[in-house]
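Right, one structure below, let's go through it.
Protein chains: 8
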Amino acid sequence: MTLKHQLEHDFKHRQEWALRRQLGIPNNRRLGVCTCMDERLPIDDALGIRGDRGDAHVFRNAGGLITDDAIRSAMLSCQFFGTEEIVIVNHTECGMMSAHAETLVKALRDKGLNLDDIQLDPALPDLKLEKGAFARWMKMFSDVDEICAQQVDFAIIR
Amino acid sequence: MTLKHQLEHDFKHRQEWALRRQLGIPNNRRLGVCTCMDERLPIDDALGIRGDRGDAHVFRNAGGLITDDAIRSAMLSCQFFGTEEIVIVNHTECGMMSAHAETLVKALRDKGLNLDDIQLDPALPDLKLEKGAFARWMKMFSDVDEICAQQVDFAIIR
Amino acid sequence: MTLKHQLEHDFKHRQEWALRRQLGIPNNRRLGVCTCMDERLPIDDALGIRGDRGDAHVFRNAGGLITDDAIRSAMLSCQFFGTEEIVIVNHTECGMMSAHAETLVKALRDKGLNLDDIQLDPALPDLKLEKGAFARWMKMFSDVDEICAQQVDFAIIR
Amino acid sequence: MTLKHQLEHDFKHRQEWALRRQLGIPNNRRLGVCTCMDERLPIDDALGIRGDRGDAHVFRNAGGLITDDAIRSAMLSCQFFGTEEIVIVNHTECGMMSAHAETLVKALRDKGLNLDDIQLDPALPDLKLEKGAFARWMKMFSDVDEICAQQVDFAIIR
Amino acid sequence: MTLKHQLEHDFKHRQEWALRRQLGIPNNRRLGVCTCMDERLPIDDALGIRGDRGDAHVFRNAGGLITDDAIRSAMLSCQFFGTEEIVIVNHTECGMMSAHAETLVKALRDKGLNLDDIQLDPALPDLKLEKGAFARWMKMFSDVDEICAQQVDFAIIR
Amino acid sequence: MTLKHQLEHDFKHRQEWALRRQLGIPNNRRLGVCTCMDERLPIDDALGIRGDRGDAHVFRNAGGLITDDAIRSAMLSCQFFGTEEIVIVNHTECGMMSAHAETLVKALRDKGLNLDDIQLDPALPDLKLEKGAFARWMKMFSDVDEICAQQVDFAIIR
Amino acid sequence: MTLKHQLEHDFKHRQEWALRRQLGIPNNRRLGVCTCMDERLPIDDALGIRGDRGDAHVFRNAGGLITDDAIRSAMLSCQFFGTEEIVIVNHTECGMMSAHAETLVKALRDKGLNLDDIQLDPALPDLKLEKGAFARWMKMFSDVDEICAQQVDFAIIR
Amino acid sequence: MTLKHQLEHDFKHRQEWALRRQLGIPNNRRLGVCTCMDERLPIDDALGIRGDRGDAHVFRNAGGLITDDAIRSAMLSCQFFGTEEIVIVNHTECGMMSAHAETLVKALRDKGLNLDDIQLDPALPDLKLEKGAFARWMKMFSDVDEICAQQVDFAIIR
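Residue numbers (the working numbering), protein chains in the order written: chain A, 1291 to 1448; chain B, 1291 to 1448; chain C, 1291 to 1448; chain D, 1291 to 1448; chain E, 1291 to 1448; chain F, 1291 to 1448; chain G, 1291 to 1448; chain H, 1291 to 1448.
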């Protein structure tokens, strides 16, 4: 093989990596992951994947919960980017279990925040939260097994 | 040192790791990261951190965008978990740039979805999206520099 | 240093290793360990020692229990070989928890063994077990936390 | 293979490891080892096994001798845990060869111990030693080849 | 194989390496490279070759440009040493783009050099440069894509 | 140090690497090398440098000879890029010693080339070679020690 | 395979290694080497053998010369120990080339040694050197190629 | 440091290595070793030296015996090459212990060799062996401790 052919081959390979979304190439395992943003989660080792080598779309938020953003991200991944399987990972000793929502709400109010009239998404005024739902929106929980089973249900429904 | 003292010391060290949130211990760098769920992002290498060895809370969604979930996660991290700095990383060739929102909306409608009356968050019926805002909620974008600057502004405002 | 001196130095070092007991040199950590003979116990890693590099006397039997043999071994180690600390390690999913003693006794009787008149130690006819105590001698247990606490008590008494 | 199938497969593999005794799975080599608790014995290297990776049940006491505890442990291993072969390893420069039993007995009496009326096993009062047999119970020896051959005989008899 | 045969075989192999040019053996890939002398170019890694393990003739000058010396070297390599393919690598942020030729000419004149009557090649007085062409001879450039395309054209013409 | 400061520091470090010429930063060792393009020369190992990690400008042509291109490259490196030392490396068994210039000239003429009226540099018609000097321009040599000493002289003169 | 069979197999393998000469097992390559005792000779690397892993009998003396001791050693190796090939390695810059024999003889005489009536081998008075042959017995040489060719001749003759 | 100074320094270092004997530089440890040519002796590991990295002159013959050649080599090493210490290493299971000298003599005579009138050293006719001493010249031995002590005595006498 001439070096020219080798370089062309290498260039094509890297171009396909760089342009996966434009070319309609799914991730390696057609996999989505929904997990917590916690600083201690070895999520790649736990699942046996490399989340930065093309294996999976890894959605992470506080708790690893099915929020509207998780729905948005999963919808894009599954409907348009070729993902066919989603794994949800919650964990023990999660920060979401470290306090009751009401305690946190009180702490925020004590800092002077008006939680009844708050714009949740700075880029999207169309998104509204009903009055009094702020604590529910924070999504604190106390039982990790129960919450994990719920997330799976939420994801399946969609 | 007797082995008993050594084992007690090791046990305490691991307990503090496991109970960081309950004990009010922040992550190593008091750092939050907001980035895309893309399967190709070597986010740890790019920032010189270990996101699973205690360095940072890593929030990831489609696009690496400041959504209500990003606000929720950042609020918990900064107000209650000791985080003091947030880094936002967007990237070129993002899937969010692979199509116009209107194209995707049409594709979804063609599949039979009623996008005008949709429950965004399966666990939180209190969260409402105004009619006609579905495309904006998807948050597709076309200019990565512009979108990144906006996310920083959104995060600073809060 | 001449090679002669170096070789003499090396020889002395190895001789002291080989003749530790005759020279009255204790093990590195003056440590005894009592643990189960189970094939899955990474006892060195668990304690942060090297049991074959001189760190500790490691007694192992079925269960990691304080038997007369454990007493004999610990007595020699502590009274004559310089050991000053003993660590006892029991473990979950132990074979000693896999059945009730009575079930095993029945199984052995079904094989034709006369358990009432048995010489426990083939080298020591002086050692006798009272009639009907065979099941107790087998030392099956069901609660690993309870059994571990008991072993510590037994060891301290002595 | 979906990640779900892979995770199920991994989970089953680890469960079988954790529950070997309950599931009736023998150790890898259906092997028992009887050896000394000495801090210098590289027993794994000597036999070409990994005693903590599932290869063998490793019984260790002072001397690597066939005591009643060795009989108990070997009986459980062979009759109930699937072991089919036992290897006995004694060694030169053993602590059991460092003094005569009578010397040790005198040393213990000088410390004020009443060796004629002693409860050998703190958990098993049913175990009795005949008067005057204490020195034999200590099992000191002087010829390692002879003692090793005896242990093999003792083990075979049973 | 006797050691004599092995040594003869090894000797022949090394002799062929040492006498490649005299024996008419081309480089491994029948490849020539023309690139810049810049201290930052990982030219081997970029092309996937080992330029010092026999893979290629690597011509390097200021800019990686097709000069008369490049023509001379390529002619010898292709006409007499068996090379069949030439790769040209120019690079961004090249020193040749750091200033205009006229600026450099002025700087040299300010140092007192007479650029109109200069012997370009100390070993070859037969090589002449027409008056006023000194700046062109320096070959500064400003557009790396354009210059690279030109070099390919120059090389093909020959 | 906040991650922001660390990233700014890293960015500055890489920018200085990328913009060395524009910022007037010399190579690490203020060094230029002139050597042969031969595929077997381990020039980095021979000199104890890393030619692609910023240590030196490495000029390479057929023979490692001081041509007008070598003068051009060295002049730019020394006058404008901060180089203060030049090392010349010629080598035994060089292709330039594999034939007499006249033999090569005849070979080229036999292929139909008109060597008397040839444009040496396709990009620089101003560069002329006097009639009959073509063989000298090829710069074949026969004594590597002599040629190396000459190159040093040529370089010093300038 | 039972561990007993494995241990027997290993024991036999090591016994054959230890008792090679008694069992009539030749070295791995049926090879003898005759070389200099010089501290700089990487004789194993030079020949591609492991002289301490069973590959060859390595005779070394001052110079790597065919002396009566070399003949004795080679005779034993070839006639009784199964060696079939001998390689002789002499080297440049040998200590045997560092002075003329007469110079050394004079130096020894100046130290007071009587070189005319000397017992060459302290264990073998039967070995005699004719008067005046001491300098020849020292075997200094000046041309390594010539001396090497001679050694080969000497070895072949025998 | 300029590269010129570094290269000069490296050159001097290697020249001193190459010309040790001419420059009167002793080996690193001023050490001589006398040992057997056996293919199994890890002589470097046993002594903690590198015999090919300049540490010692390593004399090896059949048996590791003090022959006239050993005397010659040790005299040159100690009197002229700066050696100050000699270590003698003999070994168990040596080929020199595998048969009685008389057995070997008979075997050689049976092959037709005339052992009474033999030129021991093909290059030195001045070296004579008294009639009937051939078996003694072969130097077979049966007790390795005794022979080793003798070699030390022989070496000290000289």
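Even glycine gets a Cβ: it sits at the ideal position worked out from N, Cα and C. These numbers were taken from a predicted model, which means no experiment stands behind them.
Through-space distance from residue j to residue i, alpha-carbon basis
{"i": "residue 1348 (chain H)", "j": "residue 1383 (chain D)", "result": "35 Å"}
{"i": "residue 1316 (chain F)", "j": "residue 1371 (chain F)", "result": "6 Å"}
{"i": "residue 1422 (chain D)", "j": "residue 1417 (chain C)", "result": "11 Å"}
{"i": "residue 1306 (chain E)", "j": "residue 1368 (chain G)", "result": "35 Å"}
{"i": "residue 1353 (chain B)", "j": "residue 1328 (chain B)", "result": "8 Å"}
{"i": "residue 1427 (chain G)", "j": "residue 1324 (chain H)", "result": "19 Å"}
{"i": "residue 1312 (chain F)", "j": "residue 1388 (chain E)", "result": "5 Å"}
{"i": "residue 1408 (chain G)", "j": "residue 1345 (chain C)", "result": "58 Å"}
{"i": "residue 1340 (chain A)", "j": "residue 1320 (chain A)", "result": "13 Å"}
{"i": "residue 1297 (chain G)", "j": "residue 1322 (chain D)", "result": "14 Å"}
{"i": "residue 1330 (chain F)", "j": "residue 1337 (chain F)", "result": "15 Å"}
{"i": "residue 1402 (chain D)", "j": "residue 1395 (chain D)", "result": "11 Å"}
{"i": "residue 1436 (chain A)", "j": "residue 1442 (chain A)", "result": "10 Å"}
{"i": "residue 1295 (chain H)", "j": "residue 1357 (chain G)", "result": "46 Å"}
{"i": "residue 1342 (chain H)", "j": "residue 1424 (chain E)", "result": "58 Å"}
{"i": "residue 1374 (chain F)", "j": "residue 1360 (chain F)", "result": "15 Å"}
{"i": "residue 1438 (chain B)", "j": "residue 1299 (chain H)", "result": "55 Å"}
{"i": "residue 1398 (chain B)", "j": "residue 1404 (chain B)", "result": "9 Å"}
{"i": "residue 1392 (chain C)", "j": "residue 1431 (chain C)", "result": "12 Å"}
{"i": "residue 1433 (chain E)", "j": "residue 1385 (chain B)", "result": "32 Å"}
{"i": "residue 1355 (chain F)", "j": "residue 1332 (chain E)", "result": "23 Å"}
Assigned exposure category for residue i - 16 Cβ within 10 Å defines buried
{"i": "residue 1390 (chain F)", "result": "exposed"}
{"i": "residue 1429 (chain H)", "result": "buried"}
{"i": "residue 1380 (chain B)", "result": "buried"}
{"i": "residue 1364 (chain D)", "result": "buried"}
{"i": "residue 1351 (chain B)", "result": "buried"}
{"i": "residue 1309 (chain C)", "result": "exposed"}
{"i": "residue 1412 (chain D)", "result": "buried"}
{"i": "residue 1314 (chain D)", "result": "exposed"}
{"i": "residue 1304 (chain D)", "result": "exposed"}
{"i": "residue 1444 (chain H)", "result": "buried"}
{"i": "residue 1446 (chain C)", "result": "exposed"}
Host alpha helix (DSSP H) of residue i (start-end)
{"i": "residue 1368 (chain C)", "result": "Here residue 1368 (chain C) belongs to no alpha helix (DSSP H), and DSSP marks it neither H nor E."}
{"i": "residue 1337 (chain H)", "result": "1333-1337"}
{"i": "residue 1297 (chain B)", "result": "1293-1308"}
Residue interval of the beta strand (DSSP E) (run including residue i)
{"i": "residue 1346 (chain F)", "result": "1346-1351"}
{"i": "residue 1322 (chain F)", "result": "1321-1326"}
* Which runs of the alpha helix (DSSP H), 4 residues or longer, sit entirely within the stretch 1379-1424 of chain F? -> Counting only runs of 4 or more, we get 1391-1400.
* the stretch 1350-1374 of chain E: which residues have C-beta closer than 9 Å to a C-beta of chain F, in chain order? -> Along the stretch 1350-1374 of chain E, going in chain order, the ones with a CB nearer than 9 Å to a CB of chain F are 1350, 1351, 1352, 1353, 1355, 1356, 1357, 1358, 1359, 1360, 1361, 1362, 1363, 1364, 1365, 1366, 1367, 1369, 1370, 1371.
* Against chain B: residues of the stretch 1374-1404 of chain A by CB proximity under 9 Å -> So the list reads 1382, 1383, 1384, 1385, 1386, 1387, 1388, 1389, 1394, 1397, 1398, 1401, given in the order they occur along the chain.
* Asked: Mind listing which residues of the stretch 1414-1432 of chain C have their C-beta closer than 7 Å to chain B's C-betas, in chain order?
  -> The residues in question: there are none.
* To do: Note down, in chain order, all residues in the stretch 1295-1315 of chain B with a beta-carbon under 8 Å from any beta-carbon belonging to chain A.
  => Residues 1307, 1308, 1309, 1310, 1311, 1312.
* Determine which residues of the stretch 1314-1328 of chain B have a Cβ less than 8 Å from any Cβ of chain F, and write them out in chain order. => Taken in chain order, the members of the stretch 1314-1328 of chain B whose beta-carbon sits within less than 8 Å of a beta-carbon on chain F are 1319, 1321.
* Asked: If you measure beta-carbon to beta-carbon, which residues of the stretch 1331-1342 of chain D are closer than 8 Å to chain C?
  -> Within the stretch 1331-1342 of chain D, the residues whose Cβ lies closer than 8 Å to any Cβ of chain C are, in chain order, 1331, 1332, 1333, 1334, 1335, 1341, 1342.
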